[in-house]
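Accompanying notes for the structure given below.
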Amino acid sequence: MRVGPFVLLVVLAAPLSPVNADFYRRQDVKDQCSGVYGGNVEPGDKALVTNIVQQRCDMYLLGIVDGIEMQRSEDGKKSCIPAGLDGRAVLNPIKAELMKPSKDAYGTSKLVRRVLKTRFGCE
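Here the sequence shown is numbered in the working numbering, starting from 80 and rising by one per residue.
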């Protein structure tokens, strides 16, 4: 597959920052955190599927947190999350904020940044 020079120029000129990218709509992340699954599930498997969907939410949110921390490291800044802190202590305030009503259809990464700033002093 050949990539044209214009496409290559656009790709190289665009700032690459997956930390600012939202791969899921905010409502989708909210549903995952609530354990909502849109597919058909056998009654006996509902608890398992709910747990898996909630874990997917946790991993997505922790991935954003990790990306923010990596970006801070690349910028020469220290980690703003205390070493050894349990993941739940980071996730719980993010999930609590996520569950609040919002008009922002995307913005999950902005929400995570805002919580990290207010909760842990991340700038």
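Don't be surprised by glycine CBs; every beta carbon is placed ideally from N, CA and C.
For Val108, the uninterrupted alpha helix (DSSP H) run begins and ends at Arg105 to Ser113, by DSSP. When DSSP states are grouped into helix, strand and coil, Val120 belongs to the coil group. Rounded to whole angstroms, Lys179 and Glu153 show a C-alpha spacing of 32 angstroms. Here DSSP, grouped into helix, strand and coil, assigns Tyr185 to coil. Proximity to Val194 across Gly114, Asn171 and Ser113 peaks at Asn171, based on C-alpha coordinates.
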